[in-house]
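Structure first, then comments.
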Amino acid sequence: MEETLMEEPICEEAILAEEILEVKPAAVVNKNGVKAEAAAASGGGGAASVGSGGAGGGFSGTKIFTWFMVLALLGVWSSVAVVWLDLVDYDNVIARAKEFRFNFSEVLQGKLSAYDADGDGDFDVEDAKVLLGVKERPVSLVQREAKAESAMEEPAAVPLPPISDDFVPDDSRDEATHPYEDESDAIDMKGELVKEAQPQQTIEESKQYNDQPGFQETQEAVRLQLQYNAEDESVPEPEADVEPELESVPELEAEAVPELKEEPVAVEEKTPQEESEGNAEDQPEDMLTYKAKMKKPKLLNTFEKTIKTEIDAAEKLRKKGKVEEAVRAFDTLVQQYPQSPRCRYGKALAEDDLAEKMRSNDMLQKALSTYKEASELPNATPDLIKATLKKRAERQQFLGRMRGALATLEKLVQIFPGDVALKNDLGVAHLLIGDNKSAKRVYEEVLTIAPSDGFAKVHYGFILKSENKIAESIPFLRDGLESGDPGTDDGRFYFHLGDALQRMGDDSAYKWYEIGHKRGHFASVWQRSLYNVDGLKAQPWWTPKDTGYLDLVKTLERNWRTIRDEALSVMDKTTGLFVPEEENLREKGEWGQFTLWQQGKKAGESCRSVPKTCGLLERYPEATGCKRGQIKFSVMQPGTHVWPHTGPTNCRLRMHLGLVIPKTGCTIRCTNNTRAWEEGKVLIFDDSFEHEVWQDANSYRLIFIVDVWHPELTQYQRQTLSPI
Numbered sequence: 012m013e014e015t016l017m018e019e020p021i022c023e024e025a026i027l028a029e030e031i032l033e034v035k036p037a038a039v040v041n042k043n044g045v046k047a048e049a050a051a052a053s054g055g056g057g058a059a060s061v062g063s064g065g066a067g068g069g070f071s072g073t074k075i076f077t078w079f080m081v082l083a084l085l086g087v088w089s090s091v092a093v094v095w096l097d098l099v100d101y102d103n104v105i106a107r108a109k110e111f112r113f114n115f116s117e118v119l120q121g122k123l124s125a126y127d128a129d130g131d132g133d134f135d136v137e138d139a140k141v142l143l144g145v146k147e148r149p150v151s152l153v154q155r156e157a158k159a160e161s162a163m164e165e166p167a168a169v170p171l172p173p174i175s176d177d178f179v180p181d182d183s184r185d186e187a188t189h190p191y192e193d194e195s196d197a198i199d200m201k202g203e204l205v206k207e208a209q210p211q212q213t214i215e216e217s218k219q220y221n222d223q224p225g226f227q228e229t230q231e232a233v234r235l236q237l238q239y240n241a242e243d244e245s246v247p248e249p250e251a252d253v254e255p256e257l258e259s260v261p262e263l264e265a266e267a268v269p270e271l272k273e274e275p276v277a278v279e280e281k282t283p284q285e286e287s288e289g290n291a292e293d294q295p296e297d298m299l300t301y302k303a304k305m306k307k308p309k310l311l312n313t314f315e316k317t318i319k320t321e322i323d324a325a326e327k328l329r330k331k332g333k334v335e336e337a338v339r340a341f342d343t344l345v346q347q348y349p350q351s352p353r354c355r356y357g358k359a360l361a362e363d364d365l366a367e368k369m370r371s372n373d374m375l376q377k378a379l380s381t382y383k384e385a386s387e388l389p390n391a392t393p394d395l396i397k398a399t400l401k402k403r404a405e406r407q408q409f410l411g412r413m414r415g416a417l418a419t420l421e422k423l424v425q426i427f428p429g430d431v432a433l434k435n436d437l438g439v440a441h442l443l444i445g446d447n448k449s450a451k452r453v454y455e456e457v458l459t460i461a462p463s464d465g466f467a468k469v470h471y472g473f474i475l476k477s478e479n480k481i482a483e484s485i486p487f488l489r490d491g492l493e494s495g496d497p498g499t500d501d502g503r504f505y506f507h508l509g510d511a512l513q514r515m516g517d518d519s520a521y522k523w524y525e526i527g528h529k530r531g532h533f534a535s536v537w538q539r540s541l542y543n544v545d546g547l548k549a550q551p552w553w554t555p556k557d558t559g560y561l562d563l564v565k566t567l568e569r570n571w572r573t574i575r576d577e578a579l580s581v582m583d584k585t586t587g588l589f590v591p592e593e594e595n596l597r598e599k600g601e602w603g604q605f606t607l608w609q610q611g612k613k614a615g616e617s618c619r620s621v622p623k624t625c626g627l628l629e630r631y632p633e634a635t636g637c638k639r640g641q642i643k644f645s646v647m648q649p650g651t652h653v654w655p656h657t658g659p660t661n662c663r664l665r666m667h668l669g670l671v672i673p674k675t676g677c678t679i680r681c682t683n684n685t686r687a688w689e690e691g692k693v694l695i696f697d698d699s700f701e702h703e704v705w706q707d708a709n710s711y712r713l714i715f716i717v718d719v720w721h722p723e724l725t726q727y728q729r730q731t732l733s734p735i
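Numbering-wise (our numbering), the sequence shown opens with residue 12 and increments by one.
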């Protein structure tokens with residue numbers, strides 16, 4: 012057999028036939044060789060002999076050579092099949108090989124785990140198919156790798172996206188929740204949010220609350236309402252309530268202000284996210300209370316939860332500012348579900364927003380009616396009733412309907428007698444109509460229920476001070492401010508606490524003025540006005556040249572005798588033109604005033620008594636048109652002392668023309684500089700800075716006071732600033 016093979020030429024066809032005959036069982040051999048072993052064990056012939064080493068007595072040369080040739084031919088035919096039959100796209104293989112950058116040296120070294128694409132523990136044809144993109148990686152392996160990868164990664168702090176004003180749907184949870192209002196319904200006692208002039212009756216009623224010592228605010232200064240006027244639609248908000256920059260205040264001598272110790276003015280509070288997330292019993296009681304307050308109000312009744320999607324869709328329009336569409340959407344819902352309080356409340360909110368956009372009182376009145384309807388529907392949740400009536404009271408105050416707002420708040424307190432915040436709001440409503448006694452009674456009730464309530468304390472202290480109970484007011488004002496409760500951080504309370512301390516001879520007043528300054532309520536410790544325009548030049552004393560009103564000053568000084576004589580002619584008490592100072596600024600003595608212009612308008616028929624004086628002034632609109640000032644005569648009797656105080660605004664300068672001045676004993680201090688009047692001469696100062704007056708002469712002192720616009724105010728500002 013060996014000789015035949017060696018002597019005759021090898022016939023590839025014969026060898027192929029032999030290969031087919033002898034290797035046929037191998038066609039079903041898998042890659043692990045299991046079936047091949049079974050075939051060898053069951054079959055006979057040469058293969059069995061070779062596998063067992065039995066009958067053949069070992070390997071023969073012919074058999075070895077035959078097997079060698081079979082394997083070689085298999086390789087050749089495989090290559091032919093691949094190339095001719097185009098079984099493999101070599102270009103694609105090469106491209107993918109470059110893409111995957113196989114490290115064949117590692118493959119040769121047996122480091123196959125990096126290329127085990129199907130997770131069976133080795134590198135084989137199946138792995139190559141996966142890596143070449145012919146076959147997809149098993150899903151189970153992908154999931155396993157993802158878990159392993161996430162387990163290996165360290166958790167990283169991911170910055171939260173900024174909170175937007177996007178729509179937040181109503182909370183439809185069934186469990187009882189504690190109402191928490193997202194919107195602040197506290198009354199803005201500085202008058203920064205509202206802009207409408209209220210009726211004269213309301214002005215008189217609210218004087219006790221608005222015209223306290225040191226503030227000469229009238230109703231317009233408080234500005235608790237907004238009058239919508241279509242013609243004013245393009246007029247931006249006046250800058251009257253912006254505090255002036257500290258840099259604009261000139262440096263004053265240090266000895267004028269007692270040395271202040273640095274004290275922390277605020278306690279930083281942690282947010283709920285910064286607190287531990289342990290069990291309820293592991294958390295402090297105040298933290299649990301805080302979290303309870305953070306829960307959203309429950310506005311949906313049982314039926315409304317079934318239409319929540321429709322309500323949310325309409326509410327989303329409103330939140331995105333599409334108020335006309337929101338009104339239509341809620342109106343449709345009200346028609347479909349007329350007994351739904353939430354739909355009607357949504358309609359009221361949308362109408363309210365539309366009134367703001369249109370600057371329409373009529374639309375706002377419609378919203379007030381809808382609020383009322385929503386609160387009176389059956390099946391309204393307590394949270395919805397509270398939210399609706401609070402909003403209604405707020406908008407009534409916005410329109411200057413103080414008594415209507417008071418009635419709404421009284422109804423709220425009747426429904427929710429245990430709600431201290433509502434009682435506090437009711438107290439403010441009483442103050443706004445000048446009913447201090449009722450307000451005092453309300454705050455006494457609050458302090459009986461909640462002795463540490465800071466809001467009630469500052470207001471109760473405020474009322475006591477208005478009753479001239481100076482010493483009694485101090486602990487309430489101080490404790491209320493120190494509480495840091497919402498609604499207490501108001502410049503008015505810092506002002507009155509400092510003023511009370513000054514009147515008691517306590518220099519700690521300046522500590523509170525300093526805190527008020529640091530909190531942004533005062534331009535400086537000296538300049539403590541609350542109704543300001545930012546950036547105006549700030550200095551206590553001015554010269555005529557500084558003001559730019561030289562002509563006015565010259566007119567006053569040239570005609571001072573004429574002005575004096577007219578004043579003396581009406582100074583007799585029997586005329587009743589001079590009235591006592593009404594701002595409680597005197598420690599002692601007598602101080603009378605006769606007003607000619609107030610808030611840029613003539614004061615009644617007063618000019619009939621002093622026509623020459625009024626005639627001199629009528630050609631100076633910087634004085635007669637100063638809506639934040641006055642023009643008046645001032646007479647002060649011997650033995651009078653005026654407490655240190657400040658005016659309400661930095662928008663004016665005050666001129667004093669001396670008419671009858673005793674030779675000694677009459678002085679005025681502004682900040683740390685004290686001066687005396689002279690007959691026929693004009694003194695000019697900024698009364699938003701602290702000033703004080705002494706009259707220790709033997710006879711009366713008579714001066715003429717003329718307020719003028721701050722010279723740096725534009726004509727537009729002078730026209731649009733609210734009166735004081």
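No residue lacks a Cβ here, since even glycine has one placed at the ideal position from N, Cα and C. Keep in mind the model is a prediction, meaning the values are calculated, not measured.
DSSP state of residue i mapped onto helix, strand, coil
i	result
T459	helix
Q294	Bear in mind that a pLDDT of 49 at Q294, under 50, signals an unreliable position, so the number given afterwards is only what the model happens to contain. In the structure shown, Q294 sits in coil (DSSP, three-state: anything other than H, G, I, E or B).
E598	strand
H721	coil
H532	coil
P352	helix
T675	coil
M374	helix
Distance CB(residue i)-CB(residue j) smaller than 8 angstroms
i	j	result
A359	A337	no
K584	G650	no
V693	L713	no
N435	V457	yes
D718	Q641	yes
L443	M413	yes
P551	C662	no
E315	R353	yes
A549	Q538	yes
T675	T685	no
T635	L627	no
Q513	P655	yes
K451	I481	no
S380	L400	no
Same chain only: Cβ atoms within 7 angstroms of residue i, ignoring 5 sequence neighbours per side
i	result
G658	Q227, S540, D698 and S699
K383	R403
V453	K434, L437, G438 and H441
E9	Because the chain is modelled from 12 through 735, residue 9 falls outside the range shown and cannot be assessed.
V536	V268, Y521, Y524, E525 and H528
R489	L508
L328	E336, A337 and A340
Q211	In this prediction, Q211 scores a pLDDT of 40, lower than 50, which makes its location untrustworthy; no coordinate-derived value is stated.
Same chain, Cβ closer than 6 angstroms to residue i, neighbours up to 5 away in sequence not counted
i	result
E690	G669 and I672
N390	N312
I574	T624 and F715
D363	A378
R630	none
DSSP bridge partner residues for residue i (one or two, in chain order)
i	result
E703	R680
G669	E690 and I714
R329	Answer by DSSP bridge pairing: none, since R329 is not bridged.
Y542	T660
W553	I695
H652	K599 and W705
W608	K613 and I642
Cβ neighbours of residue i in the same chain (closer than 8 angstroms, five flanking residues each side left out)
i	result
E270	Confidence at E270 is low in this model, with a pLDDT of 42, below 50, so the placement of that residue should be treated as unreliable; the coordinate-derived value is given next. Around E270: no qualifying Cβ.
T558	V564, L664, I695, V719 and P722
D430	K397, L423 and V424
Is the stretch 575-590 in contact with the stretch 635-654, if contact means three or more CB pairs nearer than 8 angstroms?
-> Counting C-beta pairs closer than 8 angstroms gives three or more between the stretch 575-590 and the stretch 635-654, which meets the contact rule.
Any 3 or more C-beta pairs closer than 8 angstroms across the stretch 490-508 and the stretch 463-482 | Verdict: yes, contact present.
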